[in-house]
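In terms of the numbering used here, the sequence shown opens at residue 197 and continues consecutively.
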Amino acid sequence: MKTTTRVVVIGGGVVGCSVLYHLTKLGWSDVMLLERSELTSGSTWHAAGGFHTLNGDTNMAALQGYTIRLYKELEEITGMSCGLHHVGGVTLADNQDRFDMLVAERAKHRFMGLETEIVTPEDIKKIAPVTNTDGILGALYDPLDGHLDPSGTTHAYAKAARMGGATIETHTKVIETNQRADGTWDVVTDKGTIHTEHVVNAGGLWAREVGAMAGVYFPLHPMEHQYLVTEDVPLIVDMMKDGIEHPHVMDPAGESYLRQEGKGLCIGFYEQPCRPWAVDGTLWDFGHELLPDDFDKIEDSIDFAYKRFPDLETAGIKSVIHGPFTFAPDGNPLVGPVPGMRNYWSACAVMAGFSQGGGVGLMLAQWMIEGECERDTFAMDCARFGDWITPGYTRPKVIENYQKRFSVSYPNEELPAARPFRQTPMYDTFDKMGAVWGQQFGLEVANYFAQSDEPRFETPSFRRSNAFDATAREVKVVREAVGINETHNFGKYIVTGPNARDWLDLIMAGRIPKQGRLSLTPMLSPKGRLIGDFTVSCLSDHAFQLTASYGSQAYHMRWFEQNEAEGVKVANVSDRLTGFQIAGPKARDVLTACTRDDVSEMKFMDVRQLTIGLVDCLVQRVSYTGDLGFEIYCDPMAQRALWDTLWTAGEPHGMRPFGMRAMMSLRLDKFFGSWLSEFSPDYTAAETGMDRFISFKKNTDFIGRAAAEAERDTGPTRRLCAFEVEAEDADVNAYEPIWLDGSVVGFCTSGGYSHHAQKSIAQGFLPSDRVADGLEVEIEILGKLRKARVLTTPLFDADGARMRG
Ligand SMILES: Cc1cc2nc3c(=O)[nH]c(=O)nc-3n(C[C@H](O)[C@H](O)[C@H](O)COP(=O)(O)OP(=O)(O)OC[C@H]3O[C@@H](n4cnc5c(N)ncnc54)[C@H](O)[C@@H]3O)c2cc1C
């Protein structure tokens, strides 16, 4: 066995083998995979082998498309069969919401190059004749859906990797991973120790145990899952005589997936009475074994399936497969560099290894070899959870995710499991005021405030929800008087040290302000992609406060740590600083009334230390509402006192609290982008207009400079635009196609209703050479083409007089 290598991948399931193959494909051949038993010895061997592209997250869907297309390539490279059955598949819709969701997915597929289509119940009968279409409104047909041989495919990945120079050692169990002072690793196995630069945890069912060897908690655990294979079914036998293979049928109402297996059928369930498995850890002696059959927990699902697929009722059951596989709290994989670790990578919690394994392998290999991925991977980045995550949180979330696997996911939906979890001192006060809560990064955030005669629950919907009136009220308060909400859901960092300014100049593309001022700046990756959208406040020559997205704390801290420098300390104070923002024409009057300091001289983009009532605060004159506003930061221990002062001073001015729904409406008036919608690693600064904040004048080779300069010289091929949409009851959410002259030329990034302007507003990309004020386009919302017009003048305070005044 080799004793030194560049990468050790731990785990020879489909995911580990895909990672290994992709490392070789991208040029690293000195790579090694260790498997404690035979390849496929975890979840992989008993998978049903189904694959499909449908995924609520657009980037995940694109990666699933990549995975599926890869199988042919693997077969060609290796000469091995993956046992591919590209039979296509239909996902049924039995109610309007589910149909809306499928139509919206279909629309996205237009610019993703996926050839799906919406089919009628009559079409379904022809395509998938085992289906009883009573009560079915239609379906999404995807010709790429199909299934394969899980073992053959895993071995094909392994062979392709070996052909690229990789080594695979089976029957070699990793028992320790020990990091040396230089950041490299000793991987201790039962056959000896291997010294390696990088470790990849692809331990699947044992990912937690492998992680614990390095002191890392991976938020995942297995769930039991069961599928049945029937004896021969006459209808299938007849179809086979005509050389036709029955396609897949996903029936979300019955929480089942069905396909042909031999001359019979195979059906699996995501049942509500589901059961977590090995929550406290997977035993090392669990091997190639199945769990005992359990018909009780799928009894209701089987009854439903008999109605939807009547042929099942008369078919005998040939075999039952009941096994465990892992889930993260939101069901997406945990991939990437593990925050807080050097040279330690995650490829875990892949619950659909045959739909996602290829994409996971490609992204991880790009990350390791090229330093960044070709697309935004936040949906599967292991940094999307923070160090607040606990096994106690993971468990109910994993169960919720399993149960909702086939549910409609709505853009405004707030999932209830494991809540409320993290709260600020304001929780009870806002709750009494009618707050309707959402959750962000584990933290309770007020979405809006219901009146006493309104429900305390926002109905999940693709259309405008019952939050509409409350949001309108809150917007009006901000635009006409003064609104207040918390600043708790900003990521906040304090950068200190003699080299703090120089370091910030290198990390951030924008200008770093002088003392007492703040600036807005993009943070770029080396390839010029947007990896942050920051406000930088200069507190002193050697101290700065940064604010950015709350949900990206672990992501941003990982980047800061990867780029750490002598003489600079970066502290994540996101939960150690809280406070309020007040915004609206009366905001200055309120602040003046509660401090002895002179607020009148505070200009737009100023930052000051003020004592407000009893509390020492850091105050920034800036507001994402686009209005006159102040962000006020304080110690959480003093937040209630600060609230009492601001509220007492604010009430006479008509102050009311406002929530995130109002905030997202207000920002639309100014066409402000939002993180992970308009600003994400999928886009560059010039494409999104963030290049106006880049300081090309500064004498620093900031990260991403060369890429940004190159783009400045050529100009971006697409540009972010704002649109007024002739919508009816549904606004743009994200990724709706933009049509021009009969073809799709772009897509939306986000949208919503501007309650101030009383217009439906969208943001999205158009080819640069087509952008023009007033350009008429059409945006496809829930299957309908809506007229839209490019806007270049903000809908509120176009000259900035109010914001800056
Ligand atoms: C009943 C069932 C049906 C399914 N159907 C489908 C389907 O139709 N389509 C689909 O896409 N997915 C399906 N899945 C899910 C799929 O099986 C998983 O997504 C996939 O197998 C995960 O692969 P993995 O490589 O991450 O993990 P695993 O397959 O669990 O592989 C991990 C490997 O790591 C090895 N290992 C662990 N610790 C060590 C160590 N210390 N040293 C060395 N080696 C170690 C293990 O022995 C194992 O081989 C199904 C799962 C189940 C249970």
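For glycine and all other residues, C-beta sits at the position ideal for the given N, C-alpha and C.
Any non-hydrogen atom of ligand 1 within 7 Å of residue i CB
| i | result |
| --- | --- |
| S347 | no |
| M228 | no |
| L219 | no |
| M547 | yes |
| P520 | yes |
| F602 | no |
| G245 | yes |
| F550 | yes |
| E467 | no |
| Y540 | no |
| V210 | yes |
| V475 | no |
| V406 | yes |
| S233 | yes |
| W381 | no |
| H242 | yes |
| L401 | yes |
| Y689 | no |
| A398 | yes |
| I432 | no |
| H421 | yes |
Per DSSP, the bridge partner or partners of residue i
| i | result |
| --- | --- |
| C790 | Looking at the DSSP assignment, C790 forms no beta bridge with any residue, so it has no partner. |
| R914 | P963 |
| S946 | Q959 |
| H343 | G246 and H281 |
| H391 | T200 and D382 |
| G728 | M719 |
| Q468 | Its beta-bridge partners do not exist; DSSP assigns none. |
C-beta contact flag for residue i and residue j at 8 Å
| i | j | result |
| --- | --- | --- |
| W241 | H484 | yes |
| E874 | L936 | no |
| T263 | A356 | no |
| D865 | A953 | yes |
| F854 | V674 | yes |
| I320 | V299 | no |
| A362 | M228 | yes |
| K369 | D382 | no |
| R804 | M798 | yes |
| K493 | P472 | no |
| E920 | A984 | yes |
| P325 | L431 | yes |
| F776 | T683 | yes |
| R1000 | F800 | yes |
Candidates the options: closest to residue i by CA position
| i | options | result |
| --- | --- | --- |
| G549 | D290, N895 and G212 | G212 |
| K955 | G553, L991 and D969 | L991 |
| P607 | L962, A926 and V940 | A926 |
| P525 | T913, V227 and T590 | T590 |
| R510 | D428, C470, G557 and D481 | Here the sequence assigns Thr to residue 510, which means Arg is not the residue at that position. Among D428, C470, G557 and D481, the Cα nearest to that of T510 is on D428. |
| S233 | N251, M256 and G209 | G209 |
| I371 | M446, D793 and A408 | A408 |
| S603 | D296, E405, A984 and E757 | D296 |
| D490 | Y502, I517 and A881 | I517 |
| A705 | G712, A696 and T717 | T717 |
| S715 | L310, E932, S891 and A543 | S891 |
| G284 | P694, F740, Y337 and C569 | Y337 |
| A561 | E922, D965, V396 and A881 | V396 |
Exposed unless 16 or more other CB atoms sit within 10 angstroms - verdict on residue i
| i | result |
| --- | --- |
| A767 | exposed |
| V433 | exposed |
| T144 | Since the first residue of the chain shown is 197 and the last is 1001, residue 144 is not available in this structure. |
| E762 | exposed |
| H367 | exposed |
| W480 | exposed |
| T349 | buried |
| F523 | buried |
| G970 | exposed |
| M629 | exposed |
| E974 | buried |
| R772 | exposed |
| I206 | buried |
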